[in-house]
Amino acid sequence: MNNPKSGFELRTDILGMAMGLLENNRDQVMNAHFQLPDDVRKTEECPIINITTDEVTATAKELYAFVNEK
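Sequential numbering from 0 applies to the sequence shown in numbering that gives the first Met the number 0.
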């Protein structure tokens with residue numbers, strides 16, 4: 000029988016999903032930079048995207064709001 004997850008487990012999973020989503024977005028931006036032609040890439044700095052706890056929390060809240068919809 001399936002045991003439903005507790006609220007703490009659900010929030011922990013959603014935080015992990017939010018972090019994964021932000022990391023994937025960051026990776027896509029960086030990969031796009033490395034796909035630029037060499038002459039363009041040499042004139043542009045490689046984007047450095049820091050993921051803050053506030054961003055993770057805000058993204059997790061968006062995901063959690065979806066879970067709470069009826």
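Cβ atoms here follow ideal geometry from the backbone N, Cα and C, with glycine treated the same way.
Closest residue to residue i among the options (Cα-Cα distance)
i   : options           : result
P46 : V55, T56, Q34     : Q34
D53 : N30, N1, M18      : M18
T11 : N1, N67, F65, A59 : A59
Residue interval of the alpha helix (DSSP H) (run including residue i)
i   : result
K60 : 52-67
Q27 : 6-33
Supposed contact pair residue j and residue i - C-beta distance, whole angstroms, cut 8 Å
i   : j   : result
L14 : V39 : Not a contact, Cβ separation roughly 37 Å.
Rounded separation between residue i and residue j - CA only
i   : j   : result
I50 : V28 : 13 Å
N74 : I48 : Missing from the structure shown is residue 74; the chain here goes from 0 to 69 and no further.
Y63 : F7  : 12 Å
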